[in-house]
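Listed in order, the protein sequences are those of chains S and V. Just so it is clear: in the first sequence, position 90 is 71 by my numbering, and no numbers are missing. For my numbering, add 8 to where a residue sits in the second sequence, where the first one is 1.
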Amino acid sequence: MASLVGYQPEDEASHPPNAYPDYVSTRKRAPVHPPIRIAHTLSEITGPRLVRGASVLESLDLTRGSGGEALGERVIISGRVLDGNGRPIPNILLEIWQANAAGRYAHEEDRHDAPLDPHFSGAGCLLSDAQGRYRFVTIRPGAYPWANHYNAWRPSHIHFSVFGPGFASRLITQMYFPGDPLLALDPIFNSVSAPEARDRLIAAFDVETTIPERALGYRFDIVLRGRNATPMETSR
Amino acid sequence: MKFGPTPWQTVGPFFGPALVAPGLDVLADSHTRGQRIFIEGQVLDGDRSPVPDALIEIWQANAVGCYDHPEDPRQDKALDPAFHGFGRAGTDKSGCFRFATIKPGPVPGVDGGLQAPHINVSLFARGLLRRLTTRIYFPYEELNASDPVLKLLPEPRRASLIVKQVAKGRFRFDILLQGDDETVFLEI
Chain S
-18 MASLVGYQPE DEASHPPNAY PDYVSTRKRA PVHPPIRIAH TLSEITGPRL
32 VRGASVLESL DLTRGSGGEA LGERVIISGR VLDGNGRPIP NILLEIWQAN
82 AAGRYAHEED RHDAPLDPHF SGAGCLLSDA QGRYRFVTIR PGAYPWANHY
132 NAWRPSHIHF SVFGPGFASR LITQMYFPGD PLLALDPIFN SVSAPEARDR
182 LIAAFDVETT IPERALGYRF DIVLRGRNAT PMETSR
Chain V
9 MKFGPTPWQT VGPFFGPALV APGLDVLADS HTRGQRIFIE GQVLDGDRSP
59 VPDALIEIWQ ANAVGCYDHP EDPRQDKALD PAFHGFGRAG TDKSGCFRFA
109 TIKPGPVPGV DGGLQAPHIN VSLFARGLLR RLTTRIYFPY EELNASDPVL
159 KLLPEPRRAS LIVKQVAKGR FRFDILLQGD DETVFLEI
């Protein structure tokens, strides 16, 4: 017999429901049946580690694209990847993507009438270090309109895809900037009902990581689902 | 001290350049042990319209039921150096996806028994604020009758998790997001 440590149940008060009609695309996509809860086994506790063969760095600079510098306000995003007990999680793959300074994604389906930046792809990946820390340099993404409702605009945001230690600890989220007036109007941000949980989606301006004459620093810690305190038994 | 989790937010429609790359939907090569299979399917919404901007990830054990992960206690003897068990695919304009992999072996459960061979599935899309998770099972498996997850499901819905064999080594797994006959999703 071997011991496995399962994950705590998702903290439902911290997460959005999938069915949230104000975000119109959920109406035909969110399941109507409640999900069926299953016990954790090796299938949920294990998970992918190296998911990309490509070189993954511990630092990343998206502002130096092919042959030139990206346009826009340079920002440095840094933080830690933690578990629910505040312990750092090292060697976690973070994948990020975002619009450019004009609010346009380098994606063939983005039809927003705003310029592309040939020096900004807006996509990259990096690993957290031994203390769970990560850091990358990018430009502040612009707001952009979307078709959800009349005069709908997404607040500036950066997408994060995070692999925790197991299949159960996967997280995809969006990081926002403090003081953005569009946050109050955004159904995706407001799909998280608890204000204290929504606040965890907003980076904090950080003068400590701001580089003089160069770029503003923002801190964004990512907290993944916690583990149980006690192991469960399984056969081998 | 408790740290509140970072909330989920939707993957949105524009993840492709960051998350999808050629070859991520191929898990096995000629060195991989086990039966080579293809799993293909289509993601459909509540109107049965194709979902062309979904992201599907799979995570599975190797041919002898071992996961390539340090918390699987059988690492030394059962690992296959030519198989790591993770795949990712974006759906195409018709909502279709395809993985080339191997059939996994049975994996230990929590009750001392074995789980039937299965593949763990995550699905993300614009219009889904969180991940959906489900499992792919295989037809004609003796262990299906005693599998602890399949046993939880009422009979008419259980079929949504069992792939249909369309040819030798080719299996079909359609995902219906919403409706009376929607795919069973699991809370893990």
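Think of the CB as a built atom: it goes at the ideal place given N, C-alpha and C, for glycine as much as any other residue. Quick caveat: nothing in here was measured; it's all calculated off a predicted structure.
Considering only S:Asn66, S:Tyr86, S:Ile153, S:Pro168, the residue with the shortest C-alpha distance to S:Val143 is S:Ile153. An exposed status is given to S:Ala(-6), since fewer than 16 other beta-carbon atoms sit within 10 Å of its beta-carbon. DSSP, read as helix, strand or coil, puts S:Ile26 in helix.
Excluding residues up to 5 positions away in sequence, Trp67 lie with their Cβ nearer than 6 Å to the Cβ of V:Phe94 in the same chain. DSSP places V:Lys172 inside the beta strand (DSSP E), whose first and last residues are 172 to 175. Boundaries of the alpha helix (DSSP H) around S:Pro176: 176 to 180.
Among the residues facing chain S, V:Asp80 is included, as its CB has a counterpart in that chain under 8 Å away. When the alpha-carbon of V:Arg180 is set against those of V:Gln50, V:Asp80, V:Pro112, the nearest one is in V:Gln50.
In this model, V:Thr40 and S:Phe158 are separated by some 46 Å (Cα to Cα). For the pair V:Gln186 and S:Ala11, the CB atoms are nearer than the 8 Å cut-off. Considering only S:Ala124, S:Gly123, S:Gly105, S:Pro126, the residue with the shortest C-alpha distance to S:Arg116 is S:Gly105. Look at V:Asn70 here: in three-state DSSP terms it is coil, with no helix or strand label. If the five residues before and after V:Pro114 are omitted, its C-beta is found closer than 7 Å to the C-beta atoms of Gly73, Leu122, Gln123, Ala124, Pro125, Leu151, all from its own chain and listed in chain order.
Annotation for V:Phe193: no beta strand (DSSP E) segment contains it, and DSSP assigns it neither H nor E. According to the DSSP assignment, V:Glu163 belongs to the alpha helix (DSSP H) that extends over 163 to 166.
If you look at V:Phe46, you'll find it in the beta strand (DSSP E) that goes 44 to 52. In the same chain as S:Phe148, and ignoring 5 residues on each side of it, the C-beta atoms closer than 7 Å to its own belong to Ser24, Glu25, Thr27, Gly28, in chain order. By the Cβ criterion, the stretch 79 to 93 of chain V is not in contact with the stretch 42 to 52 of chain S, since fewer than three pairs of Cβ atoms, one from each stretch, lie closer than 8 Å. When 7 Å is used as the limit between beta carbons, S:Phe148 is near these residues of chain V: Trp67, Asn128, in chain order. In terms of CA proximity to S:Leu52, S:Phe101 leads the group S:Asp161, S:Arg135, S:Thr190, S:Phe101.
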